[in-house]
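Sequence lines, in order, name chains A and B. Residue numbering for the first sequence follows the numbering used here, starting at 1 and increasing by one per position. Residue numbering for the second sequence follows the numbering used here, starting at 1 and increasing by one per position. Just below is one structure, and these are the notes that go with it.
There are 2 protein chains.
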Amino acid sequence: MKLKDLANELGLSQTTVSRALNGFPEVNEETRARVAEAASRFGYRANVSARRLATGRSGAIGVPLPLQRSLHFGPHTSEFLSGISERLAHHEIDIVVTPIDADDEIPVFKRLAASKRVDALVLSAPTPNDQRIAALTELGMPFLLHGRAEEVTIPHAWLDIDNEGGFRRATSHLIDLGHTRIAMISGPLDQTFAIHRDRGYRGALAARGLPVDPGLIGGGRFTDENGFRLAQAFLERRPRPTAFLAGSMMTALGVFRAIRAAGLELGKDVSMIAHDDVFPYLNADNMVPSMSTTRSSIRAAGARIADLLLQMQEGKDPATIHELWPVELVLRESTGPVIG
Amino acid sequence: MKLKDLANELGLSQTTVSRALNGFPEVNEETRARVAEAASRFGYRANVSARRLATGRSGAIGVPLPLQRSLHFGPHTSEFLSGISERLAHHEIDIVVTPIDADDEIPVFKRLAASKRVDALVLSAPTPNDQRIAALTELGMPFLLHGRAEEVTIPHAWLDIDNEGGFRRATSHLIDLGHTRIAMISGPLDQTFAIHRDRGYRGALAARGLPVDPGLIGGGRFTDENGFRLAQAFLERRPRPTAFLAGSMMTALGVFRAIRAAGLELGKDVSMIAHDDVFPYLNADNMVPSMSTTRSSIRAAGARIADLLLQMQEGKDPATIHELWPVELVLRESTGPVIG
DNA sequence: GCAATCATTCAAAGCGATTTGGAGAACTGT
DNA sequence: ACAGTTCTCCAAATCGCTTTGAATGATTGC
Chain A
1 MKLKDLANEL
11 GLSQTTVSRA
21 LNGFPEVNEE
31 TRARVAEAAS
41 RFGYRANVSA
51 RRLATGRSGA
61 IGVPLPLQRS
71 LHFGPHTSEF
81 LSGISERLAH
91 HEIDIVVTPI
101 DADDEIPVFK
111 RLAASKRVDA
121 LVLSAPTPND
131 QRIAALTELG
141 MPFLLHGRAE
151 EVTIPHAWLD
161 IDNEGGFRRA
171 TSHLIDLGHT
181 RIAMISGPLD
191 QTFAIHRDRG
201 YRGALAARGL
211 PVDPGLIGGG
221 RFTDENGFRL
231 AQAFLERRPR
241 PTAFLAGSMM
251 TALGVFRAIR
261 AAGLELGKDV
271 SMIAHDDVFP
281 YLNADNMVPS
291 MSTTRSSIRA
301 AGARIADLLL
311 QMQEGKDPAT
321 IHELWPVELV
331 LRESTGPVIG
Chain B
1 MKLKDLANEL
11 GLSQTTVSRA
21 LNGFPEVNEE
31 TRARVAEAAS
41 RFGYRANVSA
51 RRLATGRSGA
61 IGVPLPLQRS
71 LHFGPHTSEF
81 LSGISERLAH
91 HEIDIVVTPI
101 DADDEIPVFK
111 RLAASKRVDA
121 LVLSAPTPND
131 QRIAALTELG
141 MPFLLHGRAE
151 EVTIPHAWLD
161 IDNEGGFRRA
171 TSHLIDLGHT
181 RIAMISGPLD
191 QTFAIHRDRG
201 YRGALAARGL
211 PVDPGLIGGG
221 RFTDENGFRL
231 AQAFLERRPR
241 PTAFLAGSMM
251 TALGVFRAIR
261 AAGLELGKDV
271 SMIAHDDVFP
281 YLNADNMVPS
291 MSTTRSSIRA
301 AGARIADLLL
311 QMQEGKDPAT
321 IHELWPVELV
331 LRESTGPVIG
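Below is the structure:
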């Protein structure tokens, strides 16, 4: 059933039916009710392709899914997507996940823009001087950055969590507990969020006059394996580190294993604070010992980003959208005073 | 730049340009080359909405993302999506993730179909008598089922892994090692795959004349927490179970913790085989002890499903698409002979 | 040499919505 | 009673592509 059929059925013009369904004011309420009733009776829904062509808006937002990088971000991606889709569930807006080869992202964006496939994009995992921002700005493609690209001066919308503050507080807390040799396993070090965490870590050490030992700093992917390997190497050093910061819960699982493998006990011999993006299937609170974390829900961030994108579509200036979310420090059993 | 502009630029008709770009045979090769060159020079891309309207195909497949159920399937979802998108990366086909409230799925499908938003759907996590199959068939919406709905007689395409066989072999192997009290922590028991696993487990026990102890069977969500709680309860029983089957790696992490918390050692005092969907960030091989698993890559399944959907679009009869993938049994250190 | 075939190209008609620019009827106020 | 509003509704243009049916010139067959 198409608009024309529905209009004929009702003895009305397509114009009136279209306006009735789209809430235009110049339609008699009685007529509108008739139209609405008939539409639902016939199960009529506007053909989205036709609507998109006529309005010039695709009614979709794009979420690039980096095929390689998803190897790092696997569990994060689905929670993030859930957040976005949860917020968009009752807006007629599609979420289009677009596979991207990390090295030729910009050409893909050009194609997306030229074919008017999506109205806006969600950008994730920026580097400090992210080229994508200039490219998208030039293309006139609205976007919202999840994270920050601090060296880029072009005004743009972003939402980020306070990685620096979170890791500074976590590190300070460990220092308060008497730890001085604190190992840090962050994420991929070309990404801004990892740089920010590193900065928070170093800042806290510097504030207390403690040296930074580059031999206790590692980066890499958010996998249990990477956590395990790095932690194992760190634990072989003498004197041993007495505390760990882990960039993700996956990393933390690996670190945890390395600690046990070294015959040490987490929360007594060694402390750990991990960053928790809040996965429903991996709860820091339920671990044994329960895990102290810097916490920020990536799902909530996704939902808020969808919200902000909606606002942008309604005209809100992207240059005014800057949200920096606090990161909670949640202390549990995996952190304890250093034992002499 | 639109088709008309490009045609004018070249001094050709829209028809010819369109045909040249879409690979129709009745275009002079020289002309085609000229068109291709100009198109890439101007960065021309067909407006997808217009194309979709003209062709009547949306060029998109839908992947429902159940908002609540994603709580169970979190990490699986992103790997599955990665598989799909990896396969579709170089086909101009969008992947539209559609948020779904588990209880009103079918109305959403109706809307999707009526508005011609997607050409086909991927259905996940079926129940034995899944209503969605009849609904989609009636709507004329092609779909591919990831899993099986064994009580449904309507012909339809599906791809599943041999959950029953995998768990039967895993259970048999544990019995071979001398285990007789084998706890089973499966998934949500209304879902076919969980039923199949249960059947494999029971079948193996029955084949060796061993009784099924309902007190050693649990279901529920794929979270570490659920695994921990159930395993802890099972381990309090006397005589204690000496082996565990876990429905997912997340569950296995919880079971592992419960085993340690009970002062037991995995791979010696207690054995475990977990189902591994192959997550790049959580490697069974790297665990300590390394985890014996029933293994089947959910990412590969996603890729294959995308492949089959493409074939369906080219006319392949869905009723002929039935793929049952074997599940590997990978033995590592978490399984060992029962110690008297 | 003339009709038939082939290889290319084109003008115009969709696809199914939205939107522009009126137009007729029913109310106003004077 | 009449012009000016206000309510409703409509015909037709438009969005940018694909595709049908026809036209053109070149080539072929006999």
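Glycine is no exception: its CB is placed at the ideal position from the N, C-alpha and C atoms.
Sheet register partners of P66 of chain B (DSSP bridge): Looking at the DSSP output, P66 of chain B bridges to B:I100.
Please confirm if A135 of chain B has its CB atom under 8 Å from at least one CB of chain A. Under the Cβ criterion of 8 Å, A135 of chain B is not counted among the residues facing chain A.
Considering just the uninterrupted stretch of the beta strand (DSSP E) at I273 of chain A, what are its terminal residues? S271 to D276
For the beta strand (DSSP E) holding V35 of chain B, just list the boundary residues, first then last. For V35 of chain B, there is no enclosing beta strand (DSSP E); the enclosing alpha helix (DSSP H) covers residues E29 to F42.
Decide if K4 of chain A is buried, meaning its Cβ has at least 16 other Cβ atoms within 10 Å, or exposed. exposed
Are the CB atoms of R168 of chain B and G200 of chain B within a distance shorter than 8 Å? Using a Cβ distance threshold of 8 Å, G200 of chain B and R168 of chain B count as a contacting pair.
C-alpha gap between H196 of chain A and I321 of chain A, whole angstroms: 20 Å
At 9 Å on the CB atoms, spell out the chain A contacts of M141 of chain B, in chain order. In chain order: nothing, as chain A lies at least about 13 Å away.
Quick one: give me the first and last residue of the beta strand (DSSP E) that S292 of chain B is part of. S292 to R295
Quick one: which chain B residues come within Cβ less than 9 Å of S58 of chain A? V48 and S49
Within the 8 Å Cβ cut-off, does R304 of chain A reach chain B? no
Just checking, does the stretch 279-299 of chain B make contact with the stretch 28-37 of chain B on the three C-beta pairs under 8 Å criterion? no
Classify P326 of chain A as buried or exposed, calling it buried when 16 or more other Cβ atoms lie within 10 Å of its own Cβ. Exposed, since its Cβ has fewer than 16 Cβ neighbours within 10 Å.
Just tell me which of A:T31, A:L10 and A:L88 has its CA closest to the CA of L308 of chain A. A:L88
Rounded to whole angstroms, what's the CA-CA distance from E164 of chain A to D198 of chain A? Just pull it up for me. 7 Å
Quick check: what's the CA-CA separation for A258 of chain B versus T335 of chain B? 16 Å
Residue-level contact to chain A via CB, F244 of chain B, 8 Å cutoff: Chain A, which has no Cβ nearer than 8 Å to the Cβ of F244 of chain B, makes this no.
Please list the segments of the alpha helix (DSSP H) lying wholly inside the stretch 103-189 of chain B, counting only runs of 4 or more residues, in order along the chain. 105-114, 131-139 and 163-176
Identify each residue in the stretch 18-34 of chain B for which the Cβ-Cβ distance to at least one residue of chain A is less than 9 Å, and report them in chain order. none
List in chain order: all unbroken beta strand (DSSP E) runs of 3+ residues lying wholly within the stretch 179-252 of chain B. 182-185 and 243-246
Own chain partners of S297 of chain B with C-beta closer than 6 Å, once the 5 adjacent residues on each side are dropped: V278
Could you tell me which residues DSSP pairs with A60 of chain B in its beta bridges? B:D94
From the DSSP secondary-structure annotation, give me the bridge partner or partners of L324 of chain A. Partner(s): A:D160.
Buried or exposed: L189 of chain A, going by 16 or more other Cβ atoms within 10 Å of its Cβ? exposed
Please list, in chain order, the residues of the stretch 156-185 of chain B that have any C-beta partner in chain A closer than 9 Å. none
Do three or more CB pairs link the stretch 178-187 of chain A to the stretch 134-152 of chain A at distances below 8 Å? The answer is no - the stretch 134-152 of chain A does not touch the stretch 178-187 of chain A, with fewer than three Cβ pairs under 8 Å.
Using a Cβ cut-off of 8 Å, pull out every chain B residue sitting near Y44 of chain A, in sequence order please. A114
On the three-state DSSP scale, how would you describe L88 of chain A? DSSP, reduced to helix, strand and coil, places L88 of chain A within a helical segment of the structure shown.
Using three-state DSSP, classify F24 of chain B as helix, strand or coil. coil
Against chain B, does E86 of chain A count as a neighbour if the rule is that its beta carbon must be under 8 Å from one of theirs? yes
If you compare alpha carbons, which of A:P126, A:E265, A:Q313 and A:E314 is closest to E333 of chain A? A:E265
Cα-Cα separation between G140 of chain A and L123 of chain A, rounded to whole angstroms: Distance between the alpha carbons of G140 of chain A and L123 of chain A: 15 Å.
By DSSP, does L264 of chain B sit in helix, in strand, or in coil? coil
By a C-beta neighbour count over all protein chains shown, 10 Å radius and 16 as the cutoff for buried, is G83 of chain B buried or exposed? buried
Checking the sheet assignment: what are the DSSP bridge partners for L6 of chain A? BP columns for L6 of chain A are empty, so no partner.
Since R175 of chain A and R208 of chain A should fall inside the 8 Å C-beta cutoff, what is the C-beta to C-beta distance between them, to a whole number of angstroms? Position check: residue 175 of chain A holds Ile in this sequence, whereas Arg was assumed. For a cut-off of 8 Å, the C-beta gap from I175 of chain A to R208 of chain A is around 5 Å, short enough to register as a contact.
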